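My numbering puts the sequence shown at residues 13 to 134.
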Amino acid sequence: MTGRILVADDDPASADLLVAFLQSHGFEVATAADGNRALEMGTSGEFELVILDVHMPLYDGLEVLELLRRRYVLHPIKVIALTADLSESVRAALESIGIDCYFTKPVDLALLREEVARLTAA
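Now the structure itself:
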């Protein structure tokens, strides 16, 4: 597997785990520690997939997702959301904005790997 992935998470331990896991599967990975940086990097055109924490400082993941969807109308970037709060309101917001997939934390890495493979193969 190859591909360039952006991991946007303000928790360094979570980000480090995801980076190590994805790199071990052949992906090139960059990180963003807040929503502002995630938006800046996510709109650069350098990434085929963004793994996005829903709750981050500056812009939260929902705002970043919405802005990414506006930017890439014709060729949407793939986005996986991660959240500890998968209440009905968060789930509905993610789905209405057009999330490709979402997982609750802690993430099942085997399932994440399958979803990353599916989204980067498309």
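In this text, a Cβ means the ideal position worked out from N, Cα and C, and glycines have one as well.
A quick note: this is a predicted structure, and the numbers were derived from the prediction, not measured.
- Item | Cβ separation of valine 62 and glycine 54, assumed to be a contact under 8 Å, to the nearest whole Å | Right, the Cβ-Cβ distance comes to about 5 Å (below 8 Å), so this counts as a contact.
- Message: Can you give me the C-alpha to C-alpha distance between glutamate 78 and isoleucine 111, rounded to a whole angstrom?
- Response: One C-alpha to the other measures close to 9 Å.
- Message: Rounded to whole angstroms, what is the Cα-Cα separation between leucine 18 and serine 108?
- Response: Leucine 18 and serine 108 have their C-alpha atoms spaced approximately 22 Å apart.
- Query: From valine 41 to alanine 32, what distance separates their C-alpha atoms?
  - Reply: Going by C-alpha positions, valine 41 is about 9 Å away from alanine 32.
- Query: Alpha carbon to alpha carbon, what distance is there between glutamate 60 and arginine 103?
  - Reply: When rounded, the distance between both Cα atoms is 23 Å.
- Query: So what does tyrosine 114 bridge to, in DSSP terms?
  - Reply: Under DSSP, tyrosine 114 takes part in a beta bridge, and its partners are Ala93.
- Message: Helix, strand or coil for leucine 18? Go by DSSP, reduced to three states.
- Response: The answer is strand: DSSP assigns leucine 18 an E or B state.
- Nearest to aspartate 21 (by Cα), restricted to the options Ala122, Leu124, Pro69: For aspartate 21, the closest C-alpha among the options Ala122, Leu124, Pro69 is that of Pro69.
- Residue from His37, Gln35, Ser36, Asp72 whose Cα sits closest to the Cα of leucine 51: Looking at the Cα atoms, Asp72 is the closest of the given residues.
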